[in-house]
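Below is one structure, written out as structure tokens, with a few remarks after it.
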Amino acid sequence: MTEKKKEKAKKTGERSRRQIRWDKLDNTANLFPVIAGNDMTNVYRIAVTLKEEIQPEILQQALDIVLPKFDGFNVRLRRGVFWFYFEENGKPAPKVVEEANFPCRFIRANRNHSYMFRVTYYHKRINLEVFHVLTDGMGGLNFIRELTYQYLRLVHPQIKAEDNLSHMTSLNREDSFVKNFKRGRSSGFSKERAYLIRKEKLPQGEFGVIHGYMPVSGLKEVAHRYGTSINEYLVAVFAWSTYQDCLKGMPSKLPIRVAVPVNLRPYFNSVTTKNFFCMVSAEFHPTKDSYTFEEVVEIIKESLHKQITKEHLEDLFSYSVSNQQNIFLRAVPLPLKNIVMKLVYTKSALANTTTITNIGNIKVEEAYEPYIDSFHAFIAMSKGQSLKGTICSYGDNLVFTFSSIFADTGVQGTFFRKIAEDGVSVRVETNGVYYE
0 MTEKKKEKAK KTGERSRRQI RWDKLDNTAN LFPVIAGNDM TNVYRIAVTL
50 KEEIQPEILQ QALDIVLPKF DGFNVRLRRG VFWFYFEENG KPAPKVVEEA
100 NFPCRFIRAN RNHSYMFRVT YYHKRINLEV FHVLTDGMGG LNFIRELTYQ
150 YLRLVHPQIK AEDNLSHMTS LNREDSFVKN FKRGRSSGFS KERAYLIRKE
200 KLPQGEFGVI HGYMPVSGLK EVAHRYGTSI NEYLVAVFAW STYQDCLKGM
250 PSKLPIRVAV PVNLRPYFNS VTTKNFFCMV SAEFHPTKDS YTFEEVVEII
300 KESLHKQITK EHLEDLFSYS VSNQQNIFLR AVPLPLKNIV MKLVYTKSAL
350 ANTTTITNIG NIKVEEAYEP YIDSFHAFIA MSKGQSLKGT ICSYGDNLVF
400 TFSSIFADTG VQGTFFRKIA EDGVSVRVET NGVYYE
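Residue numbers for the sequence shown follow numbering that gives the first Met the number 0, beginning at 0 and rising by one.
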């Protein structure tokens, strides 16, 4: 036996002598392994741009140091008889590489040391891409923030900060869905079909990204003028842009419906790093001959206000958790569960025109602020939704990112023109797909 094989056998023996850690998937995560594939990867990206070029060897060192501290990332996905589950991984961290492919590709665990995330870099930018089964945006943000801190401490030893996890970082792995659900709730999800954007698509495998950089202060002023929050305003601008570019301002038999993920942690006093969000839908159904933008804003605002209450959010996830907790359904073998989940997902996916998710205002420790320029995030495509939006901000800089596999950028152009017409300065940047 070679020395390498002896060392591997030794490590395997050590792991077998102590119990290998395993964990259940949260209620939302159970769906992702069932529907994920090359065309619907369920991968999202959070990226941080520094004020200096990335040193890949040091970024790898930082990942090697940080990964063992995050139980939620240091796992592999296993298929059980009744459910998928997580098992402690323990292999070396994935290899950090320079970005050379389109983003949000399907993560093939067997080519990635069995991990379900990847870290790449490009010039001054660090990219974290996460299979949604692991965690939602909060968990991803925790990880890339700590990875960035560790990297900067290695590159700049003069940084006066402790060499451990920030007080802002949670490692909690509670299933807050199960903890907070109420039995006997009816489904609050809309099952009716929505208007779906249909345009010529990019060549297979290509992925278009357009970032719009805007001052938070300017957006606040405009949103206040319309009597809305920034989030409501941006969702309304998307609905307006779809109405103008795709429907040409004409009535439609089907509503424009925007799925808006809501972070449930503030409503239920949770700090879990497992998935803990649910979807509400902002709906605008153009049934008359013409609408003003002001009318669309009011319709979107009212639609969201009615849904974003603790009671309604509780209804939304309680129905799903109740089904998962049903003793008879739990005994159904995984292959049969997968068939049912795919059918339910398809119906719910076609009930929305798009998804716009807001990561929120990202804060970092003061010691690292001088080295960090900006953050951005975006999400992969899903069934019926080939154009999506993601919002995040850092300081006074908000980035609205469109991810798309459409060759046409009419909706995006209308979106940013409307914001500029409202008096907000917009700087647009793309990943090059639309230059050709």
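By construction, the Cβ of each residue, glycine as well, lies at the ideal position given by its N, Cα and C atoms.
Three-state class that DSSP yields for residue i in the structure shown
i	result
Gly204	coil
Gln54	coil
Gln384	strand
Ala46	strand
Ala281	strand
Gly248	coil
Phe180	coil
His375	strand
Arg104	coil
Leu76	strand
Pro91	coil
Pro214	strand
Phe415	helix
Val296	helix
Pro32	helix
Tyr266	helix
Ile196	coil
Ser392	strand
Lys68	helix
Pro260	strand
Alpha-carbon spacing of residue i relative to residue j, whole angstroms
i	j	result
Gly248	Gly388	21 Å
Arg256	Lys287	17 Å
Glu97	Arg44	15 Å
Gln54	Val398	25 Å
Phe374	Thr48	6 Å
Gly139	Phe267	20 Å
Ile143	Ser113	19 Å
Glu294	Thr356	23 Å
Leu335	Arg182	24 Å
Arg197	Gly409	12 Å
Pro67	Thr291	53 Å
Leu164	Tyr367	13 Å
Asn351	Ile404	17 Å
Ala222	Met167	29 Å
Ser169	Pro285	43 Å
Tyr225	Pro265	26 Å
Ser240	Val234	10 Å
Thr134	Ile338	23 Å
His122	Ile158	22 Å
Asp372	Lys50	6 Å
Asp70	Phe176	19 Å
Tyr393	Gln306	27 Å
Phe31	Cys103	14 Å
Where the alpha helix (DSSP H) through residue i begins and ends
i	result
Asn337	Leu333 to Ala348
Ser402	Here Ser402 belongs to no alpha helix (DSSP H); instead the beta strand (DSSP E) covers Asn396 to Ser403.
Asn230	Ile229 to Asp244
Lys287	It is not in any alpha helix (DSSP H) - Lys287 carries neither H nor E in the DSSP assignment.
Arg117	No alpha helix (DSSP H) holds Arg117; the beta strand (DSSP E) holding it covers Phe116 to Tyr121.
Leu140	Gly136 to Val154
Cβ shell of residue i (< 7 Å), same chain only, five flanking positions each side left out
i	result
Gly383	Leu195, Ala348 and Leu349
Cys277	Val261, Leu263, Leu312, Leu315 and Phe316
Phe415	Gly211, Val425 and Val427
Glu191	Ala350
Phe72	Leu66, Phe116, Leu133 and Phe142
Beta-carbon contacts of residue i that lie in its chain and below 6 Å, excluding the five residues immediately before and after
i	result
Arg16	Note that Arg16 scores a pLDDT of 45, beneath 50, so its modelled location is shaky and nothing firm can be said.
Lys300	Thr227 and Glu231
Phe401	Ile209, Gly388 and Gln411
Ile34	Tyr344
Glu435	The predicted model places Glu435 with a pLDDT of 49, which falls under 50 and marks its position as unreliable, so this point remains unresolved.
Thr413	Ser240, Gln243 and Asp244
Close-in-space but distant-in-sequence residues of the same chain around residue i (CB under 8 Å, 5 per side omitted)
i	result
Phe85	Trp21, Asp22, Lys23, Leu24, Val74, Arg75, Leu76 and Arg77
Gly422	Gly217, Glu220 and Val221
For residue i, the first and last residue of its enclosing beta strand (DSSP E)
i	result
Ile361	Thr353 to Ile361
Lys23	Trp21 to Lys23
Leu127	Arg124 to Phe130
Practice problem: Kindly confirm or deny that the stretch 146-165 and the stretch 47-64 touch, where touching means at least three C-beta pairs closer than 8 Å. | Solution: In the pairwise beta carbon analysis, the stretch 146-165 is classified as touching the stretch 47-64: at least three pairs are separated by under 8 Å.
Quiz item: Using 8 Å as the threshold, is the stretch 35-42 in touch with the stretch 358-372, meaning 3 or more CB pairs across them?
Solution: no
Quiz item: If you pair each beta-carbon of the stretch 197-215 with each one of the stretch 407-427, do three or more pairs fall below 8 Å?
Solution: yes
Quiz item: Are the stretch 99-111 and the stretch 18-32 touching by the rule of at least three beta carbon pairs closer than 8 Å?
Solution: no
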